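Novice: FYI, the numbering for the sequence shown is 99 to 535, going by our numbering. C-beta: ideal position from N, C-alpha, C; glycine also. The structure presented is a predicted model; accordingly, all values stated were derived computationally and were not measured.
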Amino acid sequence: MTNEATDAGEKKAALSLQWQMLAGFLTGLIVGLIVYMTAPDARWVDSVTTYVTGPIGQIFLRLLFMLVIPLLVSALIVGIAEMGELRSLRRVGVRTLVYTLIVSGIAVAVSLLLVNLLRPGGGVDPAQAQALLADAGQGAKAILDRGGETPSGMEALLNIIPQNIVRAMADNDILAVMVFALFFGIGLVLVQTKETQLLLSAMEGLFEVTMRLMGIVIRIAPVAIACFMFNLAAQFGWDLLIRLSAYVGVVLLALGLQMFGVYSLLIAFLARRSPLRFFAAVQEASVMAFATASSNATLPTAIRVAEDNLRLPRRIARFVLTIGATANQNGTAMFEGITVIFLAQFFGVDLSLSQQLMVMLVCILGGVGTAGVPAGSLPVVAMILGMVGVPPEGIGLVLGVDRFLDMCRTALNVTGDLVAATVISAGEDDGRQAAQA
Numbered sequence: 099m100t101n102e103a104t105d106a107g108e109k110k111a112a113l114s115l116q117w118q119m120l121a122g123f124l125t126g127l128i129v130g131l132i133v134y135m136t137a138p139d140a141r142w143v144d145s146v147t148t149y150v151t152g153p154i155g156q157i158f159l160r161l162l163f164m165l166v167i168p169l170l171v172s173a174l175i176v177g178i179a180e181m182g183e184l185r186s187l188r189r190v191g192v193r194t195l196v197y198t199l200i201v202s203g204i205a206v207a208v209s210l211l212l213v214n215l216l217r218p219g220g221g222v223d224p225a226q227a228q229a230l231l232a233d234a235g236q237g238a239k240a241i242l243d244r245g246g247e248t249p250s251g252m253e254a255l256l257n258i259i260p261q262n263i264v265r266a267m268a269d270n271d272i273l274a275v276m277v278f279a280l281f282f283g284i285g286l287v288l289v290q291t292k293e294t295q296l297l298l299s300a301m302e303g304l305f306e307v308t309m310r311l312m313g314i315v316i317r318i319a320p321v322a323i324a325c326f327m328f329n330l331a332a333q334f335g336w337d338l339l340i341r342l343s344a345y346v347g348v349v350l351l352a353l354g355l356q357m358f359g360v361y362s363l364l365i366a367f368l369a370r371r372s373p374l375r376f377f378a379a380v381q382e383a384s385v386m387a388f389a390t391a392s393s394n395a396t397l398p399t400a401i402r403v404a405e406d407n408l409r410l411p412r413r414i415a416r417f418v419l420t421i422g423a424t425a426n427q428n429g430t431a432m433f434e435g436i437t438v439i440f441l442a443q444f445f446g447v448d449l450s451l452s453q454q455l456m457v458m459l460v461c462i463l464g465g466v467g468t469a470g471v472p473a474g475s476l477p478v479v480a481m482i483l484g485m486v487g488v489p490p491e492g493i494g495l496v497l498g499v500d501r502f503l504d505m506c507r508t509a510l511n512v513t514g515d516l517v518a519a520t521v522i523s524a525g526e527d528d529g530r531q532a533a534q535a
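1) Over what stretch of residues does the alpha helix (DSSP H) that includes L604 continue unbroken?
2) If you count every other CB in all the chains shown that lies within 10 Å of the CB of L162, and 16 or more means buried, which is it?
3) Report yes or no: do the stretch 454 to 463 and the stretch 129 to 149 share at least 3 C-beta pairs separated by less than 8 Å?
4) What is the C-beta distance between L159 and A480, in whole angstroms, given that I count them as a contact (C-beta under 8 Å)?
5) Leaving out five residues on either side along the sequence, give the residues of the same chain with a beta carbon under 7 Å from the beta carbon of V517.
6) Exposed or buried, V133, counting other C-beta atoms within 10 Å across all chains shown (16 or more means buried)?
7) I want to know whether the stretch 415 to 423 touches the stretch 397 to 404 - three or more CB-CB distances under 8 Å.
8) When the distance is taken between beta carbons, is G429 closer than 9 Å to L353?
9) In whole angstroms, what is the alpha-carbon distance linking I522 and V190?
10) Rounded C-beta distance between V171 and V275? I'm assuming under 8 Å.
11) F281: buried (16+ other C-beta within 10 angstroms of its C-beta) or exposed?
12) Could you work out which residue in M327, G221, A179 is closest to I128 when comparing CA atoms only?
13) Evaluate L410 with the Cβ neighbour count: other Cβ atoms within 10 Å of its Cβ, from every protein chain shown; 16 or more gives buried, anything less gives exposed.
14) If we ignore side chains and look at the alpha-carbon of each, how far apart do D448 and L342 end up?
15) Runs of 4 residues minimum, wholly inside the stretch 152 to 183: which ones carry the alpha helix (DSSP H) assignment?
16) Using a 10 Å radius around the Cβ and a threshold of 16 neighbouring Cβ atoms, would you call A519 buried or exposed?
17) Among the candidates V380, C325, M267, G219, whose CA atom is the shortest distance from the CA of V438?
18) What's the gap between the Cα of M485 and the Cα of T420?
19) What residues in its chain sit with their C-beta under 6 Å from that of I323, if we drop five residues either side in the sequence?
20) Identify which residue in A140, T513, A205, L195 has its Cα closest to the Cα of A379.
21) Which two residues bound the contiguous alpha helix (DSSP H) that contains V477?
22) Does DSSP classify V146 as helix, strand or coil?
23) Kindly give me the distance between the Cβ atoms of V166 and P477, rounded to whole angstroms, as I take these residues to be in contact under 8 Å.
24) By how many angstroms is the C-alpha of V208 removed from the C-alpha of I200?
25) Between the beta-carbon of L351 and the beta-carbon of L174, is there less than 9 Å?
26) Given a threshold of 16 other Cβ atoms within 10 Å of its Cβ, counted over all protein chains shown, does C461 qualify as buried or as exposed?
27) With 16 as the cutoff for other CB atoms within 10 Å, does M357 come out buried or exposed?
28) Using only alpha-carbon positions, find the residue among V385, G464, L483, L131 that is nearest to Q453.
29) Could you pull the start and end residues of the alpha helix (DSSP H) that P373 belongs to?
30) Do S393 and Q427 count as a contact pair if the criterion is CB distance below 9 Å?
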């Protein structure tokens with residue numbers, strides 16, 4: 099009863115926070131639009147943004163950046179290491195990892211293609227965008243001033259392997275840090291001793307502590323969102339609403355293509371099942387994911403649906419779905435990719451093909467390491483923005499609609515986990531039949 103009461107209290111608090119974030123978004127937007135229409139050039143507006151709203155937003159971002167590296171490292175290491183936790187499922191773990199990376203790559207590629215074709219963030223006055231870019235937070239300035247030109251080609255490929263992991267962390271080189279975490283997790287899979295189990299437990303503890311601290315930081319998000327939106331609306335006015343609507347449309351289109359296009363093909367050709375029957379069978383889990391916006395909270399329902407409705411083998415379903423709640427998050431990876439490119443378009447930051455490929459890789463690995471809780475992708479998006487020289491405070495532009503998009507992408511994440519379990523189960527059946535023959 100105590101655990102149930104605690105879970106209920108946490109869900110209620112999370113829902114209350116989402117409404118507070120929406121209220122902050124609307125408050126900042128409305129006040130900013132009023133200022134834009136009545137006093138666009140008043141000196142007091144500059145004073146407010148310089149000494150009040152700007153610093154509050156920067157404090158929020160700095161707290162996120164402070165926690166994002168330990169959060170991603172611990173989450174990615176634990177997510178990879180758990181795939182080898184059960185020796186009898188080692189083969190299933192490898193297949194699950196390969197499947198996750200390939201399907202996540204397809205998801206991010208679809209997202210980048212759509213956002214580049216439709217350009218929801220394009221058309222903003224370049225002078226205004228550059229003015230705001232010049233006033234960007236210290237995180238983005240440090241990225242722009244640190245390395246000069248962005249490396250490309252073979253140099254960019256070599257740079258994802260860090261020579262010094264401490265320096266990579268200090269430089270916020272998130273892709274290099276993720277590659278280190280990926281190899282470290284594989285090392286924990288290969289070395290099964292008491293000492294490595296203690297190390298894995300320490301990583302799990304680091305993840306839990308960081309998540310708790312992140313929850314504390316997120317509590318000031320409503321105030322930070324109001325400040326972000328005031329700054330943006332006071333400068334961009336009604337054009338902000340138009341671009342925001344276009345952004346939401348592109349995200350929903352990408353999620354829909356992945357859900358009913360890519361997943362249908364995977365079910366039909368790899369699992370050899372009817373896509374219509376599959377979606378009917380997993381409807382309960384998808385609705386639960388949409389309502390809670392949490393892959394972890396939906397996990398018990400997803401397991402029951404897999405075993406009772408889809409008739410998947412228990413050992414495979416539980417393994418794949420448990421790992422998938424953290425590692426197989428296609429919707430999150432798509433959201434991160436679209437958001438980064440949209441904000442780059444909005445602020446007039448031209449990203450080269452190599453930079454977009456780097457964003458794609460980070461989103462794929464970020465999908466593996468992102469916590470399966472509401473707003474779990476927020477730190478990753480903020481960090482990627484800093485990597486590519488986009489003002490990190492621009493994330494405030496999308497936070498107001500994040501609750502709805504979070505619900506949609508979580509439904510895609512959970513459905514994708516069930517697709518993965520179905521495909522992996524079909525592959526295991528084929529392998530067993532071939533061995534018997």
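Specialist: Quick answer:
1) Outside the shown range of the chain, which is 99 to 535, sits residue 604, and nothing can be said about it.
2) buried
3) no
4) 6 Å
5) Y361, L364, I365
6) By the neighbour-count rule (16 or more Cβ atoms within 10 Å), V133 is buried.
7) yes
8) yes
9) 7 Å
10) About 6 Å separates the two Cβ atoms, so the contact holds.
11) exposed
12) M327
13) Flag for L410 reads buried.
14) Here the alpha carbon of D448 sits roughly 19 Å from the alpha carbon of L342.
15) 152 to 179
16) Residue burial is scored here from C-beta neighbours: A519 has at least 16 other C-beta atoms within 10 angstroms and is therefore classed as buried.
17) Comparing Cα positions, the closest option is G219.
18) 31 Å
19) Taken in chain order, the residues that qualify are M119, G122, F123, G494, L497.
20) Ranking A140, T513, A205, L195 by Cα distance to A379 puts T513 first.
21) Checking the displayed sequence, the identity of residue 477 turns out to be Pro instead of Val. That run of the alpha helix (DSSP H) goes 476 to 485.
22) helix
23) 4 Å
24) Per the coordinates, the alpha-carbon of I200 lies some 12 Å from the alpha-carbon of V208.
25) no
26) Burial call: buried.
27) buried
28) L483
29) Residue range 373 to 379 is occupied by the alpha helix (DSSP H) that includes P373.
30) yes
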